[in-house]
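Report on the following structure.
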Ligand code: PGA
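Numbering (my numbering), first residue to last: 391 to 640.
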């Protein structure tokens with residue numbers, strides 16, 4: 391049985407004092423949750439969040455990293471740096487990074503490999519645009535993105551990759567994929583992994599849904615056969631709302 395993993399993606403929001411207050415408020419509300427809870431916070435919140443989340447159920451992740459360990463890359467942060475302060479997870483290839491910061495399948499693959507080299511668990515985002523969906527290309531897009539993101543990884547690394555299926559038209563728009571559509575897209579991603587790494591490994595990979603997840607739709611989404619939790623943007627900025635998503639079956 392795969393566990394459910396619910397990750398918040400704060401994007402470019404929350405100052406350190408807000409982050410600490412959030413984590414202090416969230417910790418007691420999720421302490422008995424069955425799902426794993428991760429908050430992916432801005433770089434400037436990482437250290438404060440890690441300290442505040444110590445001895446709680448909440449794990450801390452970053453939202454991006456560079457693939458090199460160090461060097462002349464002004465403004466970048468490496469996986470080695472994240473690991474050095476105790477970060478455990480890192481989002482890679484979010485659609486906003488692909489759209490605004492020129493990330494592509496090749497840089498995503500390099501970052502995923504570098505994450506594993508530094509013992510970080512990558513949360514790799516894949517997803518189609520509305521145009522791609524309407525022209526019937528969604529499945530091809532997301533399976534190709536998945537294949538290229540995982541290229542060259544060992545079976546063990548594939549097993550430990552979290553994939554977030556995030557249809558771009560559903561991110562921040564209030565439009566959610568139906569539970570059936572999201573579940574089918576995630577099945578297609580799992581089949582692609584099975585094709586390349588075998589069914590046993592595919593059965594173990596955590597594949598989340600992301601795109602306007604909120605307390606009111608979490609239960610329906612997460613009780614499907616293949617959706618293993620969510621990557622939550624807007625609704626992860628409010629303690630009560632996010633706690634309800636984590637405790638979706640309560
Ligand atoms: P949203 O964002 O929940 O605000 O739609 C999800 C994401 O971008 O990860």
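Backbone N, C-alpha and C define an ideal beta-carbon position, used for all residues, glycine too.
Simplified DSSP assignment, three categories, for residue i
i, result
"residue 399", "strand"
"residue 606", "helix"
"residue 638", "coil"
"residue 583", "helix"
"residue 449", "strand"
"residue 426", "strand"
"residue 561", "coil"
"residue 431", "coil"
"residue 575", "helix"
"residue 554", "strand"
"residue 415", "helix"
"residue 620", "strand"
CB of residue i within 7 Å of CB of residue j, strictly
i, j, result
"residue 600", "residue 395", "no"
"residue 477", "residue 636", "no"
"residue 512", "residue 482", "yes"
"residue 470", "residue 458", "no"
"residue 536", "residue 582", "yes"
"residue 552", "residue 596", "yes"
"residue 416", "residue 629", "yes"
"residue 425", "residue 621", "no"
"residue 631", "residue 640", "no"
"residue 538", "residue 495", "yes"
"residue 534", "residue 573", "no"
Whole-angstrom distance between residue j and residue i, CA atom to CA atom
i, j, result
"residue 359", "residue 474", "The first residue shown for the chain is 391 and the last is 640, placing residue 359 beyond what the model contains."
"residue 575", "residue 472", "31 Å"
"residue 592", "residue 500", "21 Å"
"residue 529", "residue 492", "22 Å"
"residue 433", "residue 452", "7 Å"
"residue 521", "residue 445", "45 Å"
"residue 443", "residue 436", "10 Å"
"residue 638", "residue 554", "18 Å"
"residue 623", "residue 590", "31 Å"
"residue 610", "residue 508", "35 Å"
"residue 489", "residue 517", "12 Å"
"residue 579", "residue 421", "31 Å"
"residue 612", "residue 515", "18 Å"
"residue 569", "residue 604", "13 Å"
"residue 413", "residue 429", "9 Å"
"residue 485", "residue 561", "9 Å"
Same chain, Cβ closer than 6 Å to residue i, neighbours up to 5 away in sequence not counted
i, result
"residue 419", "633"
Close beta carbons around residue i, own chain, < 7 Å, minus the five adjacent residues each side
i, result
"residue 563", "602"
"residue 431", "400, 404, 409, 439, 450"
"residue 587", "545, 548"
"residue 532", "516, 517, 518, 555, 575, 578, 579"
"residue 487", "454, 493"
"residue 565", "559, 602"
Own chain, CB closer than 8 Å to residue i, minus 5 neighbours either side, in chain order
i, result
"residue 456", "463, 466, 467, 468, 469, 501, 504"
"residue 542", "499, 503"
"residue 523", "557, 559"
"residue 567", "557, 560, 575, 599, 601"
Extract the residue ranges of the alpha helix (DSSP H) inside the stretch 443–525, only unbroken runs of 4 or more that lie entirely within it. 469–474, 485–490, 495–507, 520–524
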